[in-house]
Amino acid sequence: MKREPNKVTPATQRIPAGHATTPSELRPRLRFPEFRNAPGWEAKALGDILPITSSKRVHESEWSHEGVPFYRAREIVALSKQEAITPLHISEELYSANIKLSGEISAGHLLVTGVGSIGVPYLVNADDRFYFKDGNIVWLKNDEAEVAGEFLLRLYETDFVQTQIRKMSDVGTVATYTIENAKRTRVMLPGDVSEQHRIASCLSSLDDLIAAERQK
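Counting from -9, one number per residue, gives the positions in the sequence shown under the numbering used here.
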């Protein structure tokens, strides 16, 4: 399903907003039966949950017509909307050298645009292999030990997180969402990753139903 940047899908709006301040507010009013007796949700800054960084710098002179795909913010936006792209590339040699320093993208990681259409998230898939432009894209290296990748994607689609991004990026002459901004971004999440998977799966099913209705 295509997702528009900076727009919350109807299903995603069902995730709690994340503004809770008391223990009672941290327990959702609606919950799947198997999790009704589970502890309340936790409010955390993303920087306390997972490493947040970016890629190693690639100069324009190092772009090429073949090799490993190289994405800028505009390509990440297109990927998030499942649109076709014609990417730039970097050589296999440069890619190998860079990932030794920065690491390599992996399933569950989330990439978020920091310039242009700010705050657009893309969840890395298992078969993805590309490099991306530093400074343009924030890299959430999520190993899914504490937060499920699909749930993290959904959190970034909520009004609560998108509002934080807008407020953080509206500082200075050029709007940007930086690594430090991402570290300060607050979210709410169940402590049980299996509950996160359950919620994300339900929201995906709801989105599929909504898309089917719109196509009628």
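Even for Gly, the Cβ is constructed at its ideal location relative to N, Cα and C.
Treat the numbers as computed from the prediction; the structure is a model and nothing was measured.
Residue range of the alpha helix (DSSP H) that residue i falls in?
i      : result
Phe156 : A small correction: the amino acid at residue 156 is Arg; Phe does not occupy that position in the sequence shown. It spans Asp149 to Ser159 - the alpha helix (DSSP H) in which Arg156 sits, taken as one unbroken run.
Ala87  : Glu82 to Ser92
Rounded to the nearest angstrom, what separates residue i and residue j at their Cα positions?
i      : j      : result
Glu140 : Gly162 : 32 Å
Lys157 : Glu136 : 26 Å
Glu127 : Leu101 : It should be pointed out that residue 127 corresponds to Ile in this sequence rather than to Glu. Computed Cα separation, rounded: 6 Å.
Trp53  : Ala97  : 25 Å
Ile108 : Thr43  : 16 Å
Asp160 : Tyr167 : 9 Å
Ala68  : Leu20  : 34 Å
Gly104 : His79  : 21 Å
Glu15  : Glu32  : Any reading at Glu15 is ruled out, since the residue's pLDDT is 48, under 50, leaving its predicted position unreliable.
Ser195 : Gly57  : 36 Å
Leu145 : Pro111 : 10 Å
Leu84  : Thr148 : 36 Å
Ala35  : Glu134 : 16 Å
Gly30  : His55  : 51 Å
Asp217 : Ile95  : Residue 217 is absent from the model: the chain starts at -9 and stops at 206.
Asn88  : Val164 : 28 Å
Arg204 : Ser191 : 20 Å
Leu91  : Tyr121 : 13 Å
Pro77  : Ala28  : 45 Å
Thr11  : Glu82  : Residue placement at Thr11 cannot be trusted, given a pLDDT of 41 that sits under 50; what the coordinates show is reported in the next sentence. C-alpha separation (whole angstroms): 49 Å.
Gly93  : Ile169 : 16 Å
His49  : Lys206 : 47 Å
Gln3   : Gly106 : Annotation note: pLDDT 45 at Gln3 (below 50); position unreliable, coordinate value reported separately. Each residue's Cα considered, the two are about 24 Å apart.
Arg188 : Ala138 : 10 Å
Once DSSP output is grouped into helix, strand and coil, what is the label at residue i?
i      : result
Glu50  : helix
Ile66  : helix
Ile169 : helix
Phe122 : strand
His79  : strand
Leu101 : strand
Ile200 : helix
Ile39  : coil
Ile95  : coil
Ala190 : helix
Between which two residues does the beta strand (DSSP E) carrying residue i extend?
i      : result
Ile127 : Ile127 to Leu130
Glu32  : Glu32 to Ala35
Phe207 : Any question about residue 207 goes unanswered here, given that the chain covers just -9 to 206.
Arg164 : Here residue 164 turns out to be Val, not Arg, going by the sequence shown. No beta strand (DSSP E) holds Val164; DSSP gives it neither H nor E.
Pro59  : Val58 to Tyr61
Leu113 : Pro111 to Leu113
Val177 : Arg176 to Leu179
For a cutoff of 7 Å on Cβ pairs, would you count residue i as touching chain C?
i      : result
Thr175 : The structure shown contains no chain C; it is built from a single protein chain.
With a threshold of 8 Å, are at least 3 pairs of Cβ atoms found where one atom belongs to the region 52 to 63 and the other to the region 142 to 153? Too few Cβ pairs lie closer than 8 Å, so no.
Quick check: the region 31 to 42 against the region 165 to 177, are at least 3 beta-carbon pairs closer than 8 Å? Per the Cβ contact rule, the region 165 to 177 is in contact with the region 31 to 42 (3 or more Cβ pairs under 8 Å).
Is it true that the region 22 to 30 meets the region 179 to 188, where meeting means three or more beta-carbon pairs spaced less than 8 Å apart? By the C-beta criterion, the region 22 to 30 is judged to be in contact with the region 179 to 188, since at least 3 inter-stretch pairs fall below 8 Å.
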